[in-house]
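**Q** The structure follows.
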Amino acid sequence: MEITENERKASRNDIRICDQCKHIRVKTMVSKLQKLDPEAEIKVACKSYCGPCARKAFVFINGRYITATTEDEAIEKASQYVKS
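Below, the structure is given as structure tokens:
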């Protein structure tokens, strides 16, 4: 079975956020993350990362948990791990 270029591109970045995190707004964060990689499927669900999630905004991207004081800072930090 051959993988198409679009499938290869879509699966390049693994981006996840927690829908229970009190330091982000899911709707705006998904929108901002889509600007980093419009082809990525952003998964939204609890990540069982409750300790850090209760204290800071975070993004899980390509195997790394990125935390920051604000949603925008977390996205800025995460941008360096986006595969192009």
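The numbering of the sequence shown is this note's numbering, which starts it at 8 and goes up by one. By construction, the Cβ of each residue, glycine as well, lies at the ideal position given by its N, Cα and C atoms.
1. With a Cβ-Cβ cutoff of 8 Å, do residue 49 and residue 73 count as a contact?
2. If you reduce the DSSP assignment to three classes, tell me which class residue 39 lands in.
3. List the endpoints of the continuous beta strand (DSSP E) containing residue 64.
4. Mind checking which residues open and close the alpha helix (DSSP H) that includes residue 84?
5. Let me confirm a value: residue 28 is counted as buried when at least 16 other C-beta atoms fall within 10 Å, else exposed. Which label applies?
**A** Reading off the structure:
1. Stepping through the sequence shown from its first residue, residue 49 is reached at position 42. Stepping through the sequence shown from its first residue, residue 73 is reached at position 66. It is not a contact, given that the beta carbons lie outside the stated cut-off.
2. On the sequence shown, residue 39 is found 32 positions in, with the first residue counted as 1. The answer is helix: DSSP assigns residue 39 an H, G or I state.
3. For the purposes of this step, residue 64 is taken as the residue at position 57 of the sequence shown. Element bounds for residue 64: 64 to 68.
4. By 1-based counting over the sequence shown, the position of residue 84 is 77. Here the alpha helix (DSSP H) through residue 84 covers 78 to 85.
5. Here the question's residue 28 lines up with position 21 in the sequence shown. Under this definition residue 28 is a buried residue.
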